[in-house]
Amino acid sequence: MPERTLATVLDQCLGVGAREEVVLLVDDETDPVVVEALVGGLDHRGCVAVVARMPRYAVPGSEPPDAVARILDGASAAIELTSTFIGSSRARQQATAGGTRYLCMPGVVADTFRLGGPLDVDFDELRTVTERLAEAWASADTYRLTTPAGTDLRGSVRGRGGRALYGIAREPGAYMCPPDVESGTAPVEGSSTGVVVVDGDFLFMGRGPVAEPVALHFADGALRQVEGAEGERLTAMIERCADGRMENLAEVSLGLNPNGRVCGVPMETESTLGSAHVALGNSIAYGGTVDAAAHLDCVMQRATLELDDRPVMVDGVLVSGK
1 MPERTLATVL
11 DQCLGVGARE
21 EVVLLVDDET
31 DPVVVEALVG
41 GLDHRGCVAV
51 VARMPRYAVP
61 GSEPPDAVAR
71 ILDGASAAIE
81 LTSTFIGSSR
91 ARQQATAGGT
101 RYLCMPGVVA
111 DTFRLGGPLD
121 VDFDELRTVT
131 ERLAEAWASA
141 DTYRLTTPAG
151 TDLRGSVRGR
161 GGRALYGIAR
171 EPGAYMCPPD
181 VESGTAPVEG
191 SSTGVVVVDG
201 DFLFMGRGPV
211 AEPVALHFAD
221 GALRQVEGAE
231 GERLTAMIER
241 CADGRMENLA
251 EVSLGLNPNG
261 RVCGVPMETE
271 STLGSAHVAL
281 GNSIAYGGTV
291 DAAAHLDCVM
301 QRATLELDDR
311 PVMVDGVLVS
321 GK
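Residue numbers (the numbering used here): 1 to 322.
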């Protein structure tokens with residue numbers, strides 16, 4: 001893998017130091033090339049790489065084994081490389097609350113580190129625009145999200161803080177998700193109505209972008225109907241979660257990584273500049289109040305977002321000054 005993007009992750013994003021213990025969370029589907037490169041990079045920097053192997057979980061947000069949770073809790077830093085997202089787990093929250101720096105990078109592969117790809121960016125520079133957009137979310141009362149594929153969703157974000165994910169976890173307890181760069185919030189529960197047409201991907205719910213768009217119909221902040229063959233990927237996962245709160249509209253966010261693309265790597269798809277995603281289920285980490293079993297992201301392309309009727313992004317292009 002390119003030394004430049006490897007250094008971006010270890011130095012710019014995580015800021016590793018000599019003699020630090022850095023846990024790499026892996027499972028049977030983790031790309032071994034990525035693990036080998038990160039272990040080598042950590043060794044070169046005088047760190048101790050601790051590879052913690054876990055089961056392959058089906059439901060995003062599943063809890064790691066107790067032994068792994070204890071390792072996380074005592075580590076200087078951790079990088080999540082599992083094939084399914086577990087970054088919303090209680091174990092991760094406890095670890096970061098105790099000071100562990102955490103990069104959530106589930107499903108990344110060697111190609112994610114390619115030159116010109118989503119890790120070949122200046123995350124410090126992207127932080128500025130991401131935090132500025134988070135401020136716009138925080139100051140708004142209403143939102144409207146549309147796309148050329150047919151998305152038209154609106155609701156209230158009054159009193160909700162904006163969330164900025166910009167890839168940098170150099171401070172104790174920081175949690176970030178490179179290559180994902182995004183900003184969004186949790187809409188006020190019960191306030192959102194409309195349709196979301198997913199023409200990107202259902203993240204960690206089957207592999208790869210959708211072949212045909214899927215329409216998700218919302219009323220009073222909850223999913224009411226799913227139209228389209230590949231919608232079964234979402235409905236099956238909701239059923240697997242066995243939690244009635246999974247129909248909650250938990251998040252609306254914009255992707256901001258200029259080198260991302262919609263592809264088979266969920267974190268790159270979600271990050272792509274011009275995309276948007278909504279999530280179902282758990283909204284606690286986004287400023288909401290619903291503590292559901294999982295957090296399920298659904299991605300669409302070429303987003304237009306208006307906050308208080310003012311455009312922030314139009315057809316995938318950020319409005320100047322936003």
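For every residue, glycine included, the Cβ atom is placed at its ideal position computed from N, Cα and C.
Sequence-distant Cβ neighbours of Glu-63 in its own chain, meaning closer than 8 Å and more than five residues away, are Ala-69, Ile-86, Ser-89, Arg-90 and Ala-91. Along the region 117 to 164, the alpha helix (DSSP H) occurs as fully enclosed runs of 4 or more residues at 123 to 139, listed in sequence order. Runs of the alpha helix (DSSP H) spanning 4 or more residues and lying entirely within the region 182 to 261 occur at 232 to 241, in chain order. Shortest Cα-Cα distance from Gly-255 to any of Asp-180, Gln-93 and Val-48 involves Asp-180. Annotated three-state conformation of Val-278 is strand, per DSSP. Where Met-267 is concerned, the enclosing alpha helix (DSSP H) starts and stops at 266 to 271. Comparing C-alpha distances from Arg-19 to each of Gly-46, Met-267 and Leu-249 shows the shortest one belongs to Gly-46.
Note that the region 126 to 146 touches the region 156 to 167; at least 3 beta-carbon pairs, one per stretch, sit closer than 8 Å. One Cα belongs to Phe-218, the other to Arg-144, and the distance between them is close to 13 Å. Positions of the beta strand (DSSP E) runs, each at least 3 residues long and wholly inside the region 24 to 84, are given as 48 to 53 and 77 to 80 in order along the chain. Beyond the five residues adjoining it in sequence on each side, Thr-151 comes within less than 7 Å, by CB distance, of Leu-145, Val-195, Val-196, Val-197 and Met-300 in the same chain, given in chain order.
The criterion of a C-beta distance shorter than 7 Å is satisfied by Gly-162 and Thr-185. Straight-line measurement puts the Cα of Arg-310 at about 44 Å from the Cα of Val-35. For Leu-305, the uninterrupted beta strand (DSSP E) segment begins and ends at 304 to 307. Looking at the backbone, the Cα of Asn-282 and that of Glu-232 are separated by about 20 Å. Comparing alpha carbon positions, the residue from Thr-8, Cys-241 and Glu-251 closest to Asp-122 is Thr-8. Collapsing the DSSP output to three states places Glu-20 in coil. Between the beta-carbon of Gly-221 and that of Ser-191 there is about 6 Å, and that keeps the pair under the 8 Å contact cut. With fewer than 16 other CB atoms across the displayed protein chains lying within 10 angstroms of its CB, Asp-315 is exposed. Burial is judged here by how many other beta carbons sit within 10 angstroms of a residue's own beta carbon; Val-317 has fewer than 16 and is exposed. A Cβ-Cβ distance of about 7 Å is found for the pair Ala-276 and Leu-305, placing them in contact under the 8 Å criterion. If you look at Leu-10, you'll find it isn't in any beta strand (DSSP E); DSSP assigns it neither H nor E.
A direct Cα-Cα distance of roughly 26 Å separates Cys-177 from Leu-216. DSSP, read as helix, strand or coil, puts Tyr-166 in coil.
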